[in-house]
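Heads up: the protein sequence lines correspond to chains H and R, in order.
Read in our numbering, the first sequence has 9 at position 9, and its numbers run on one by one without any break.
Numbers given in our numbering equal positions in the second sequence, counted from 1, plus 1000.
Every residue gets a Cβ at the ideal spot worked out from N, C-alpha and C, and that includes glycine.
Treat the numbers as computed from the prediction; the structure is a model and nothing was measured.
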Amino acid sequence: MPAQKPDNSMDDLSKKLALQGQLEEVRKLLTGYDRKELEHLNKLLKDKEAFSEELSHLLPVAFKKLVDSGGVTLEALQPMVEEVLKESIRKNPKTLSDILFPVMMPAIRKAVAEDIKRMLDVVNQTLEHSFSPKRIGWRFQAVFSGKSYGEIVLSHAYVYQVKQVFLIHKETGLLLTQAGNEETTDADLVSSMLTAIKDFVQDSFHSTDDSLDTIQVGKLNIWIEQGPKAIIAAIVEGNISQNYRILLKENLEGIHIDYSYELDHFKGDTARFQKDENLLEECIQKEKKPEKRRKPIAAILLILILMGALGYWIYGLIDQRIRFDRFVQKLKEVPGLVVTHTDKQQGHWVVEGLRDPLAKIPASLFAQNKFKPGEIRLKLQPYISLDPIFILKRAHQKLNPTENQHFSYRNDTLFISGETPEEWMKSSKNKALQMAGITQVIFLNAPVTASKPDLAIEKYTFTFGFNSDTIPLSEQTHFKHIVAQTRSVLDFNFHNDSVPVIVVLSHTSKEGNKAGNKIIAQRRADKFIDLMVSWGLPPEVLIPKVTVKSDSALTQPVRTVSFKIEYAKSIRHD
Amino acid sequence: MIKKKISMLGSFAVGKTSLVQRFVRSIFSEKYHTTIGVKIDQKIIQINHEEVNLLLWDIHGEDEFQKVKPAYVMGSSGLFIVMDGTRRKTLDIGLELLEMAQKVAGDIPFVVLMNKSDLKESWEITGEEIQELKDKGMEVWLTSAKEDTNVEEAFTSLAKKTLTE
Ligand SMILES: Nc1nc2c(ncn2[C@@H]2O[C@H](COP(=O)(O)OP(=O)(O)O)[C@@H](O)[C@H]2O)c(=O)[nH]1
Ligand SMILES: [Mg+2]
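As structure tokens, then:
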């Protein structure tokens, strides 16, 4: 046991190995081979498989060397090789044809395809030459689009269409009957050609019956289904489903059963087959291309027109509404007129409100907003306007002042200036106090004349901007000092017999819009009065007075406000 | 309509294609070569007030490189065995082809066309040899595709035979 004497056995082994190495060394020196190589050679010679394998690598090289050196000529070898080939073919031709098949097939296929195409141009021609207005249209399309006619035909109408179906007698290649919408007079020829092609393919490639099941000729596909005695060939444009083959098969089977005798004894008389019109009818199939939906131009146009009309109508409504609103706005600005409600009733605009009998609605208001007078109904109730202008107007009507008298109104107070005889004063005071909006009457220029102190306010004039009633802040500060002085000098005690009043004179032009000018002049006066009230002056003594003058006749320039101190005899309404 | 398949058989260059051309289109011209080894034409003729559609299979001639495919002969109702009077060998090949065809298509009517009769001075096939064929019961026509001699007659004759038999 090696384990029991380890030292001894280890010693033995190493000795053996050393001896072996030496032997190897000696062999190498003597033979030039080492043992492994020798073993390999030995094995090669005994194992034929391995040896021929080894030789196969060497032989071609050796052979080439032999030919190159002129030791043997190709001419000498040729008969030998030919003999071998001949023998091989004699024994079993299929072997060689199988070997050559992959090499030859593509070339043959190409050549055959070329042939078929040439032969079957007949088919194309007959199909192409058929005439119909639609096809003439396609022809034009083909010319102008630069596409082939076939492409155009295909691109139209059908996903696929079986154009023609032939039932062919297998043995003779004769056409038994056909179906399809385009009768081809050359159908007989085509049938024979198809049979020849089928024969050729089957004969050349030892192929089984169903090897040739479709032939492509340009844009057409010929589907061939073979039975033992008859063949169905269908000429199809476009891509048909593979299920179509099943249909062909079933049809062909049916025909073989129904016409078994006729097929067996066929002598060239096809009448029997042609009689049955439905024989191949099932095989004629087509699927329409989903019609490209025509753009409904008429409908789109109609919608556009309707939308246009609707838009115009809406625009009209909006426009009318805008014009109406503008009209109402203007109406509201008319003094003595109050708009309480607007509405549209049965196509008519209605304005409800109140109108002072003295108020005048400018006739131009309708035309300015493109309304005919009838289009807007004004339902206006009479009322007494407390607008200062109307109070003044009514005061003028009632009191009938002389030329030298002047009326103004502010804060429920009617101011009457000018010559005022005692009698008239009494009666007019009573009349005035009965009028709406008047609670107090103050007569200016009373006979009392006090010594008038020299006041800065009477020399003050402020000129407004055009169409403006604003007083700049700096101006207000300046004016405030003037007012303070006025207040410190004047004694506004109403218990006195006469009271100083400050007439605020607002000058405006009578050019242009006179009414408008008047209103703005009034506002300017009011602005100053408001300021003065806020600074402590009693409102009762501040009397606005609007004067309208033609520009040329002006002593005071227009758009100004100035002040005048007068003394009034105060007559209070209890 | 009655339809008949007729096969043209014969060695290469005997004039099969020329004869068919002459018969079908009344012209004598162009060569037509096909890879599949057959070219088919048709012609409708009147026989006894009956229309017959002849499908003419012009099968490539036999030579050392190409063999006639028996499949093409199958189903024929009639045969033309075409020989070239100027080439002795075409007679033998013609007879061989006849034998082959009869094996494939059965005992069907046939007509021998001894073509290129316009070149009679250089014919190798003798009158005796032609007589021998006739003695065997064969119908022999001396034709010229080039000069349109007996072409119509020969075709009509074979067509009639296919109808009666
Ligand atoms: N002189 C003459 N030449 C002919 C006649 N028929 C054919 N040929 C010529 O013979 C050659 C072979 O004819 P072709 O019809 O191709 O023979 P195929 O091989 O049997 O089809 C062509 O050069 C023809 O012009 C004929 O009747 N007379
Ligand atoms: Mg030829």
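Where do the N-terminal and C-terminal ends of the beta strand (DSSP E) with Met1083(R) fall, by residue? Gly1078 to Asp1084
Where does Gln345(H) land, buried or exposed, given buried means 16+ other C-beta within 10 angstroms? exposed
State the CB to CB distance for the pair Phe1080(R) and Ile1006(R), rounded to an integer number of angstroms; the pair is presumed to be in contact (CB under 8 Å). 7 Å
How about Phe200(H): is its C-beta nearer than 9 Å to some C-beta of chain R? yes
Going by the CB atoms, is the gap between Thr342(H) and Trp349(H) shorter than 9 Å? yes
Nearest-angstrom Cα separation, counted from Gly1094(R) out to Ser1011(R): 7 Å
Just checking, does the stretch 306 to 315 of chain H make contact with the stretch 323 to 332 of chain H on the three C-beta pairs under 8 Å criterion? no
Bridge partners for Ser191(H) per DSSP, in chain order? DSSP, once it has assigned bridges, lists no residue as partnering Ser191(H).
Step through the CB atoms of chain R and report whether any lies within less than 9 Å of the CB of Glu171(H). yes
Residues bridged to Leu1114(R) [DSSP beta-bridge criterion]: The question names Leu, yet the displayed sequence has Met at residue 1114(R). In DSSP, Met1114(R) forms a bridge with Met1083(R) and Leu1142(R).
According to DSSP, is Asp213(H) helix, strand or coil? coil
Just verifying my parser: in three-state terms, what is the DSSP assignment at Asp258(H)? helix
Whole angstroms is fine: what's the gap from Ala1101(R)'s alpha carbon to Leu1158(R)'s? 16 Å
Name all residues in chain order for which at least one heavy atom of ligand 1 lies closer than 6 Å to the residue's CB. Gly1010(R), Phe1012(R), Ala1013(R), Val1014(R), Gly1015(R), Lys1016(R), Thr1017(R), Ser1018(R), Lys1031(R), Gly1061(R), Asn1115(R), Lys1116(R), Asp1118(R), Leu1119(R), Ser1144(R), Ala1145(R) and Lys1146(R)
Under 9 Å, Cβ to Cβ, is there at least one residue of chain R near Leu167(H)? no
Excluding the 5 residues flanking Thr1149(R) on each side, which residues of the same chain have their C-beta closer than 8 Å to its C-beta? Ser1117, Asp1118, Leu1142 and Thr1143
Short Cβ contact (9 Å threshold) for Val546(H) with Ala515(H): no
Val84(H) and Val162(H) - do their beta-carbons sit closer together than 9 Å? no
If you run the structure through DSSP and keep just helix, strand and coil, what is Phe575(H)? No answer is possible for residue 575(H): the residues shown for chain H start at 1 and end at 574.
Would you mind telling me which residues of chain R sit closer than 9 Å to Leu189(H), beta carbon to beta carbon, in chain order? Ile1040, Asp1041, Gln1042 and Leu1055
If you check the beta carbons only, do Leu1097(R) and Leu1019(R) fall under 9 Å apart? no
Find out if the Cβ-Cβ distance for the pair Val504(H), Glu566(H) is shorter than 9 Å. no
With a Cβ-Cβ cutoff of 9 Å, do Asn443(H) and Ile416(H) count as a contact? Looking at the sequence shown, residue 443(H) is not Asn but Phe. In contact: Phe443(H) and Ile416(H) (Cβ atoms closer than 9 Å).
Residue range of the beta strand (DSSP E) that includes Val558(H): No beta strand (DSSP E) holds Val558(H); DSSP gives it neither H nor E.
Answer yes or no: do Gly418(H) and Gln397(H) have a C-beta to C-beta separation smaller than 9 Å? no
Tell me which same chain residues have a C-beta within less than 6 Å of the C-beta of Val483(H), skipping the five on either side of it? Met532 and Trp535
Using 8 Å as the cut-off, classify the Cβ of Asp1041(R) as near or not near the heavy atoms of ligand 2, replying yes or no. no
Which class does Thr126(H) belong to by DSSP, given the choice of helix, strand or coil? Unreliable positioning characterises Thr126(H) in this predicted model, as indicated by a pLDDT of 49, which lies under 50. A coordinate reading is not provided.
Cβ of Asp1058(R) within 8 Å of any heavy atom in ligand 2? yes
Beta carbon of Val561(H) nearer than 9 Å to that of Phe462(H): yes
Report, in whole angstroms, the separation of the C-beta atoms of Phe492(H) and Val541(H), which I expect to be a contact under 8 Å. 6 Å
Where does Arg321(H) fall in DSSP's three states? helix
What does Val1047(R) reach in chain H if we use C-beta pairs closer than 8 Å? The question names Val, but residue 1047(R) is Ile in the sequence shown. Those within 8 Å of Ile1047(R) in chain H number zero; the least Cβ separation is about 12 Å.
So, helix, strand or coil for Thr172(H), using DSSP? coil
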